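Report on one structure; see the data block that follows.
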Amino acid sequence: MKSLLSAVAVRSRFALGLALLAQHITHKIKLTTIMCCCCPPAITALFYLWVRSGFSKDAVAGALVFFPPDPPLYKFKRIAANGDVLPDIDDEAENLEEGNGGGGGTEESKREEDDDDDSDSDSDLGTFEIDTKSSHKANNDANHTNNQQKVSAEVRRQRRKQREEARQKQRQEYSQDPIAAMTDRSNKLRLRAKRRSKIDARDDTNGVTYQFVPDIATLGTLPSFHGTIQAVKIGPQKRTGSYIAALLYKLPESEITPNTKTILYSHGNAADIGAMSGLQAMLAKNLKCNVLVYDYSGYGESGGIPMEKNTYRDVKLVYEWLVQNVTKHEHNVILYGQSVGSGPSCYLASRRCNVGGLVLHSPFTSGMRVLTPSRAMACLDIFPNIDRIKKVKCPVFVIHGQKDQEVGIEHGMALHAAVPEDCKRDPWWVRDKGHNDICDGPDIVEYMQRMNKFVKSLDE
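Okay, so the sequence shown: first residue is -5 according to the numbering used here, each after it adds one.
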């Protein structure tokens, strides 16, 4: 298990992105006439990026927060209604005609491009009612064991080397001109969103289903799971028109009871559902729970663009589907947010009074507070978990490594302290562990024990 998690653990890019951006600014411009000379470099860098992006908070968040694995650590095999296997979606293929400079673009792209209002009171986010008409496409209960092909250690080493070389090249390009790199990345993501939206909508109409295929060459052999794994695309989003990729680890019907819980897992900023597949299988197996893990907009097989507000839409859409199709009752849902995933999880928990429980794994008080304690640029803050956690009505379990160098343990402690007294559960401050390694090695045993204790406490 340790080798599996180590292979997919990718450190947060918050500090790296800001350091390179600040270095670029130092050489290119002087902002001392605009901002106080006492401002931390991080604040100066953020201010510059904010101005260059046309005062868009989403542009800042997208550049510094969301880093989907590239290439993804899985794919969804597309199966036509007649059983034929369809070609994979190629995000590097030539642009759609709408993106080649002609025409006005798709309706979905227009919705994405208009989605620059930084208010949290958008019509689809300010209120939250369970939608009874969400759609999805699922596979035919493909079992995890179908994907346990053997791959040699040498092939895995080669794949990891290739991925590292690609990351090194990306870092070099980023360091030369981070603003240009961010702009180029944003344009590519928008074109990808257009293409994905068009293909996913067509697949939905044509009855296409999906089968989960993990990147075994990188991940290695994954833990077995005795239930079924359903690959689903949930959507379309009302505002963006995109579809969200998810995996449902479902227990055998013989093991499901009226009190069976389902964990809705929101992963970290540099992971995807392929990277998390081993842990999800272990959670379902050891906790006797169903587990639904999904990819944010712009990640893996999901459509759309990675933005803070889109993560809220994503978790809302997936939650609706989960209640309608799996749990039937909200009190059987446990929200689980790891790192950046604590943002959409706290958002949802603060709005759904009947949710069963909330787990925060290496969470932060807010996005800006990870970068700097200064509130000089509070207008750019994202994922204000410290404000939302005060509104939750369900039991909350906080997990944080005492040696976390990316999101200090003070964040987890502050969130635990802010939880309403009747919702607090004993936290777990994990000794000798950092941000990404809490489930590594022997600690996986204690992790499962503490998670099992929390799950059982929800019915007491």
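Note that CB positions come from ideal geometry on N, CA and C, so glycine has one too.
Quantities reported herein were computed from a predicted structural model and do not represent experimental measurements.
Counting every other CB atom within 10 Å of its CB across the protein chains shown gives Val349 a total of 16 or more, marking it as buried. In the DSSP annotation of this structure, the continuous segment of the beta strand (DSSP E) that includes Gly331 starts and ends at 327 to 332. Comparing C-alpha distances from Ala411 to each of Phe391, Gln396, Glu400 shows the shortest one belongs to Phe391.
A distance below 7 Å between beta-carbons, with the five flanking residues on each side excluded, links Pro230 to the following residues of its chain, in chain order: Ala195, Ser236, Tyr237. Runs of beta strand (DSSP E) with 3 or more residues, each lying fully within the segment 221 to 263, are found at 222 to 229, 238 to 244, 256 to 260, listed in chain order. By the 16-neighbour rule on beta-carbons within 10 angstroms, Glu247 is exposed. Using a Cβ-Cβ distance cut-off of 8 Å, the segment 400 to 409 and the segment 431 to 445 are not in contact, since fewer than three pairs of beta carbons, one from each stretch, lie closer than that value. The shortest C-alpha to C-alpha distance from Ile403 to any of Ser356, Lys418, Val413, Tyr259 is the one to Ser356. With a cutoff of 8 Å on beta-carbon distance, Thr305 and Pro338 are scored as near each other.
Assignment of Phe206 by DSSP, reduced to helix, strand and coil, places it in the strand class. For Ile438, no pairing in a beta bridge is given by DSSP.
Judged by pairs of C-beta atoms under 8 Å, the segment 184 to 192 does not touch the segment 201 to 208, as fewer than three such pairs exist. Going by C-alpha positions, Asp197 is about 27 Å away from Ala264. When C-alpha distances from Glu324 are compared across Cys417, Arg363, Pro252, the shortest belongs to Pro252.
Put simply, the backbone Cα of Ile83 is about 45 Å away from that of Asp420. Across the set Arg346, Gln332, Ala372, the C-alpha of Gln332 shows the shortest separation from the C-alpha of Leu354. Rounded to the nearest whole angstrom, the CA to CA distance from Lys397 to Gly77 is 50 Å. In the DSSP assignment, Ile393 forms a beta bridge with His355, Trp422.
Put simply, of Arg444, Val401, Arg179, Lys192 the residue whose alpha carbon is nearest the alpha carbon of Pro300 is Arg179.
Membership of Ile380 in the alpha helix (DSSP H) is indicated by the continuous run 379 to 382. Partner residues in the beta bridge of Tyr68, as assigned by DSSP, are Pro208. When the beta-carbon positions are compared, Leu245 and Gly221 come within less than 8 Å of each other. Per DSSP, Leu374 is not a residue of any alpha helix (DSSP H), being assigned neither H nor E.
Cβ contact annotation for Ile193 (same chain, cutoff 8 Å, sequence separation greater than five): Ile83, in chain order. The DSSP-derived three-state label of Asn76 is coil. Distance from the Cα of Arg382 is smallest, within the candidate group Ile393, Arg346, Asp416, Tyr341, for Tyr341.
By the 16-neighbour rule on beta-carbons within 10 angstroms, Val79 is exposed. Within a 10 Å sphere around the beta-carbon of Lys450 sit fewer than 16 other beta-carbons, which makes this residue exposed.
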